[in-house]
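Okay, structure first, notes after.
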Amino acid sequence: MSDKHPPKHAAEEGSSKAHRAAPAAEETAAVVSVDTAGGAMEPSAVPATAQSGQLPGGPDTLLRKIFTGSGMVSVLAVLLALIIGGLLIASTDKQVATTSTYIFARPTDFLAAVWNAVTRSYIALFQGSVFNPRGNSVAAQFAPFMETLTIATPLITAGLGVALAFRAGLFNIGAQGQIIVAGILAAWVGFALHLPLGLHLLLVLVAGVIGGAFWGGLVGLLKARTGAHEVILTIMFNYIALYFLRYLLNTPAFQRPGETNPISPILDPTAVYPQIFGTQYRLHLGFLLAIAATVLVWWLLNRSTVGFEFRAVGANPKAAQTAGINVSRSTILVMAIAGGLAGMSGVAQVAGTEKVLTDGVAATYGFDAITVALLGRSTPWGTFAAGLLFGAFRAGAVQMQIQTGTPIDIVLVVQSLIVLFIAAPPLVRAVFGLNPRRKKPARAAKFRQAATTGGAA
Amino acid sequence: MSTKLSSPRPGNPQPGDTSNGTGTNVVSAKPVTWRTPVLLTVFGLIALVFFGLLAPHQTASFGISTGEDFFQLPALAVNAFAGGIVLSVLLLGLAAYALFLKTKDRPAPGWLTVTFIVLFVAAFLIWVVGGARTPSISLAGLIAGSVTLAVPLVFGSLSGVLCERVGVVNIAIEGQLLGGAFTAAIVASMTQNPFIGLLAAAVAGAVVSMVLAVFSIKYLVNQIIVGVVLNVLVSGVTGFLFSTVMQEDSDQFNSPPGLDIIEIPVLSSIPIIGPILFRQSLVGYLMYIAVLVVWVGLFKTRWGLRVRAVGEHPQAADTLGINVNATRFWNVTLGGAVAGIGGSFFTLVAIDSFTKEISGGRGFIALAALIFGRWNPIGAFFAALLFGFADNLQSIVTIIGTPVPSQFMAMLPYLVTVLAVAGLVGKSRGPAASGIPYVKG
Amino acid sequence: MVRVLKLELRGITKRFGTLLANDHIDVVVEPGQIHCLLGENGAGKSTLMNVLYGLYEPSEGEILIDDKAVAFRGPGDAMAAGIGMVHQHFMLVPVFSVAENVALGAEPTKAAGFLNLEETRRRIKEISDQYGFDVDPDALVEDLPVGVQQRVEIIKALVRNAKVLILDEPTAVLTPQETDELLDIMRQLKAGGTSIVFISHKLREVKEVSDTITVIRRGKVVGTADPAAPTAELASMMVGRAVSLTLDKAPAQPKEKTFEVRDLTVIASNGQHVVDGLSFDIARGEILAVAGVQGNGQTELTEAILGLQDRVSGSIRLDGKELLGRSVKEVLHAGVGFVPEDRKVDGLVGTFSVAENLVLDLYDKPPFAKGISMSPAKILENAKARIGEFDVRTPSAAAAAGTLSGGNQQKVVMARELSRPLRLFIASQPTRGVDVGSIEFLHRRIVAERDQGTPVMIISTELDEVMELADRIAVIYKGKLVGIVPGGTSRDVLGLMMAGIPPEEHAHTTGQAPAAATASTSDAEGNDHV
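Protein chains in written order, with our numbering: chain A, 13 to 469; chain B, 4 to 444; chain C, 18 to 547.
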């Protein structure tokens, strides 16, 4: 590293620590590619410490890079979270409790019981999400994977919405509300209007995306005009949307004729997503749209002037403004697009899997989307992969609860632990004994902070 | 940070600006904006039209005394139309005064805004009750109920005050409340002692806070991210243990003995005030104490001065020998303990067992109260009371059958908060260094 | 009562990663002395003082007080040992009162930890009276002028019985008059038995007040000097070679005036007129330098031209077209090149690559973009050309701009702004915090732009830079134009103008202006800028 800093500047840089950016960023930039307009930048609003671990070091061997790189940290973070989740499962397991009473007499029994409890649950989780060998046909064996993709669909699109906002320095905690508003509009178009095949579905999609974009854009507008913090705004907007939905579901316009339950009529057959592999799987067209959305967001961020503006505003709003970028417009636009992406999740719910509107239309997808985006480090394909992983957890957890009685809540635990660990690489490396030398993560983070405090209060 | 950047336009220089000659370094008073007076006028007009002119000609009756009071006051009966007109005229009077002050370049004083809010709420209440099928409610019950519902909100927002004042954003209030509620239930059940449960709740809240502190202070993870994730984590852990442990044997693990209401003799029989101040559970009394202690602590003691310095300008505090990160760590932990006590309210006072997600988003309302109360313990307390009032009104409205959908009542705290953060109800300024990790050197 | 204190730094070394900020520095501060640490920006002075003040732990070496080694674990220890520090950026909590700020960290309390600010108020009054400070203990710090805030900082140290007071670049934000007052205060403090470590790079002040001078360059002590030594000698010690500030600059050949500012007024959010009725012109092929002490409206002036200010009146015309009321983008498109005063905040996106920063305000124009689709290949091509042209030292075009040194960052900004045909070039503090080698290069580029026939406006608080570059000098004070004088005007005249006194009011100095100007060029204070 020292060869990159001619001694000439050494003293100068030493005393002005703020601008002495982490060589980490430099390293990352250099490693990524020469494709400078594209992937060279780290997402702006991702955890400041995501990069902080790779600080001053001697010559970086390939091996060390693999073991200390962010990819490895992600894998280890998932592993660590699964281990802790496993311990939680074991701690409430009856067999484990029984064997623990004579743990000193026969510790092997105890350990075997722990191993059993954990592996049984995780095997069930795997079988419920990827491949079920007990299926009586190939189709049935792959049914869990199809279910994973189905559940991943709204996670991916909402996750993209959160990730995109992150890159522009905004914390979009509001995917939940955006999904709800999108769901309301999409569902209404789906059951109240009766239109020809094709056009009807298109209109459902458009209505949902506009609904989400409106709800997200409103936050952007308030932020741009009044300086209100988007975290607070989006949290409040989630609840406003929820209570508005509950109100609507109590009005005749949204209730099934002759019923007073808070549930809407079923959407017209012309208004729902076709199932991609036939009726045996729930997997629907929305998944292909999610892939398309991922490509679109990638292009938008890395190859378009709009994305350049978003990223510039996210990384340093003052410099962006001085360079002639309209920060207010970017804020409104990015929140609207983020809302539109989350809106696609709302459509996937009402037109893909649920086919009706209830007050649980968003389930917890909006909040899960935040963890998805964080795990995906706010990159489009990272978010896609993270959506698949969490989709698998969700799908598998249902099977796991049926087979082993392990409550679905364990998924929440594992999910949140993954995100926590990924945000704190030094912790993960310390746990796995991969901290080869003393580091000073603080300084890197400080530099990043200077550039990215943008959104964070 | 705010990205309030608008396109430039030629402005009109203020003629005769006196600060002009004295140079750039002299600060003149901040210009008084039209925002507040105009907003007051708008709300005054809304009150006049809806609560006054369009009000039903029914008489709304408000019970003031309860049977336990040592002297009985007659119920307050107000003609909804007349009451609405009178109150909205008063509101418009206040708005006019604010406009008058603006022409003199003076801001509307705090009491004016507070009075306005109180009168507006009163007008609203008369309108709602006047339009109901049974236009009669117990005001005493309404207010006492509001205070009760506000208890966890107050504790939650005090937690927020303690954390944000020291420079750490606490989005994890919800998780702290939930953790406190769960721990209080399980520990009180196992020990059959609600006081130990209360203590355990404080510890649980502190533990959740410590995770927030460690990740945000030591590992410099963005505080909002940690907060959001912690809420999910606590929800997952409590949900998991609820299903695996509590539901398996609810007698042993989920039937906590409650904290009784302690009535202070004589005083508790004063109409209206009695039930609010002197007929509370231990947690309720603790609430009043906590608000006062936090306020006095923050603004009158050495500890508070240091805490606020760390939250405003950590570097300055550091150069004066104050350990910034330790101060932050312990304050955040303390905040968690306070929220944990608030959580115990759910399982030891309000309901006698734990259920999943028992806190039901109140942590976020507490966050809203913190902002609406402008990062001040007393302000947060009154904001929480207002939100508790809205919450209580929501259920009462459903019972007495008014035309206002209860969902809109439930929406109220969130709408009010949006207005508050959008600066429509005066400028809120949080601690300057809130959310920014402190890195030495 | 007066406890004298001898302070010694022995072999202090401070490393940041692989960077050596302080390299075996030895300094002895004798009791009751004003000891100056002289050095360029980035020479390592502030790092050294932060070590002394306990903010940094030294990598090697020790601190001795009265010949006994001490170890400071934090500023608290340093203060307890009698060391006080006034930081370059004040360490005051803006929303606290003066008394609260002074009390913080050493609060007098009543029982149970309750504050006793009465005691603090009394001490502030006491010190205030002793040194003639006019400080109200109950004023909010954010409402106080910079000069008074600095006094609050000094009071903070004195309340803690500081025997050694470190002043880190204390004059950077002061007017010449305030500077003189500060120097007086320093002498008074010294007379009262307080030693002072005075960190500066401004030779005039250093010579005036110091007893001993230690010169630091690139983290090392290069020698001690006598305050009576000739300025040129001190300057060459400081920058490490003989300094010649005479830039090879042909006389300006001003053509038609294409940039006109009329009655420009900017009103800040607090209602002040931060720019107040400014009017001036710049001709093609001429450099107009706007001189003044920091905070006299320079920032707002450039922001108003660029379209970043909200409440502006008057007129700004470029090539006959009105710029006022246009968006930043429109102003840039009209051919304005702009180098902001704080490149890290306004000029660069630190996490973006060098290549992206080189198109930060050109990203949406051909050839870098077609419609909304950008062309990475063209951006990379452009980056390689600019890096070569401006000799930007960067590992690659893909390196994050934040990782470059200050000088190279500034080259990136300058390269970007000069890479397109300009109708007006504005550079604010173009060489602040930039190493000597880069300064010359950047100055040459600015002059080259002038010689191409572009009107150039330089905003600088450094008289040396102003005198080196300017064809004409406009001095502003408290947002108002004090006067416009020719490039060769003496620094004495300029100094008075920067204090708000127009040239006609100090007629006795104007007669010697040309002579003074030549003199000052030769006794340059070094290419160093705050």
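Note that beta-carbon positions come from the ideal geometry of N, C-alpha and C, so glycine has one too.
Determine the direct distance from the alpha carbon of residue j to that of residue i, and round the result to whole angstroms.
{"i": "B/A436", "j": "C/E170", "result": "21 Å"}
{"i": "C/T420", "j": "C/V429", "result": "12 Å"}
{"i": "C/Q426", "j": "A/S342", "result": "26 Å"}
{"i": "A/I337", "j": "A/A397", "result": "32 Å"}
{"i": "C/A246", "j": "C/L220", "result": "11 Å"}
{"i": "B/A85", "j": "B/A111", "result": "28 Å"}
{"i": "C/V291", "j": "C/L318", "result": "9 Å"}
{"i": "C/T30", "j": "C/G78", "result": "6 Å"}
{"i": "C/V238", "j": "C/V232", "result": "6 Å"}
Residues of chain B with CB under 7 Å from residue i, in chain order?
{"i": "A/D421", "result": "G239, G242, F243 and S246"}
{"i": "A/L211", "result": "Here the premise fails: no neighbours, minimum Cβ distance about 33 Å."}
List, in order along the chain, the chain B residues whose C-beta lies closer than 9 Å to that of residue i?
{"i": "C/G78", "result": "Result: empty, since nearest Cβ-Cβ is about 17 Å, beyond 9 Å."}
{"i": "C/F131", "result": "V299, K303, T304 and R305"}
{"i": "C/M108", "result": "H316, Q318, A319, A320, D321, T322 and L323"}
Just to check my reading of the structure: residue i and residue j have Cβ atoms closer than 8 Å, yes? What is that Cβ distance to the nearest angstrom?
{"i": "C/A444", "j": "C/V376", "result": "With a Cβ gap of about 19 Å, C/A444 and C/V376 do not count as contacting."}
{"i": "B/T330", "j": "C/P92", "result": "With 8 Å as the limit, B/T330 and C/P92 do not qualify as a contact, their Cβ atoms being about 14 Å apart."}
{"i": "C/G302", "j": "C/G470", "result": "5 Å"}
{"i": "A/Q190", "j": "A/G351", "result": "4 Å"}
{"i": "A/G210", "j": "A/G355", "result": "At roughly 20 Å, the Cβ-Cβ gap does not stay under 8 Å, so A/G210 and A/G355 are not in contact."}
Report the three-state DSSP secondary structure of residue i (helix, strand or coil).
{"i": "A/P281", "result": "helix"}
{"i": "C/E25", "result": "strand"}
{"i": "C/T229", "result": "strand"}
{"i": "B/F65", "result": "strand"}
{"i": "A/G239", "result": "coil"}
{"i": "C/D197", "result": "helix"}
{"i": "C/V307", "result": "strand"}
{"i": "C/V473", "result": "strand"}
{"i": "C/G331", "result": "strand"}
{"i": "A/R323", "result": "helix"}
{"i": "C/M515", "result": "helix"}
{"i": "C/I216", "result": "strand"}
{"i": "C/D293", "result": "strand"}
{"i": "C/M549", "result": "Residue coverage of chain C in this structure runs from 18 to 547, which leaves residue 549 of chain C outside it and unanswerable."}
{"i": "C/L55", "result": "strand"}
{"i": "C/G240", "result": "strand"}
At 8 Å on the CB atoms, spell out the chain A contacts of residue i, in chain order.
{"i": "C/K346", "result": "G336, I337 and N338"}
{"i": "B/P450", "result": "Beyond the ends of chain B as shown, which are 4 and 444, falls residue 450 of chain B; an answer cannot be given."}
{"i": "C/L325", "result": "Q333 and T334"}
Quick one: list the residues of chain C neighbouring residue i, beta-carbon separation under 7 Å, in chain order.
{"i": "B/E167", "result": "Near B/E167 there are no residues of chain C at all, since even the closest Cβ is about 14 Å away, more than 7 Å."}
{"i": "A/R315", "result": "S390 and M391"}
So which residues on chain A does residue i lean against when the C-beta distance must stay under 7 Å?
{"i": "B/A425", "result": "L234, T238 and A240"}
For residue i, go through chain B and note every residue whose CB falls closer than 8 Å to its CB, in chain order.
{"i": "C/P92", "result": "D321, T322, L323 and G324"}
{"i": "C/A120", "result": "L308"}
TODO: Return the residues of the segment 267 to 280 of chain A that lie within a Cβ-Cβ distance of less than 7 Å from chain B, sorted by chain order.
DONE: Listed in sequence order: no entries.
Task: Residues in the segment 344 to 371 of chain C having any Cβ partner in chain A nearer than 9 Å - done: S344, V345, K346, E347, V348, L349, H350, F355, P357, D359, R360, K361, V362, D363, G364, L365, V366, G367, T368, F369, S370 and V371
Task: Interface positions of the segment 225 to 258 of chain A facing chain B (Cβ-Cβ less than 8 Å), listed along the chain - done: L234, K235, A236, R237, T238, G239, A240, H241, V243, I244, L245, I247, M248, F249, Y251, I252, Y255, F256 and R258
Task: Chain-ordered residues of the segment 322 to 343 of chain B with a beta carbon less than 8 Å from chain C - done: T322, L323, G324, I325 and N326
Open item on the list: Beta carbons nearer than 7 Å to chain A: which residues of the segment 380 to 394 of chain C have them?
Closed with: Y380, D381, A386, I389, S390, M391 and P393
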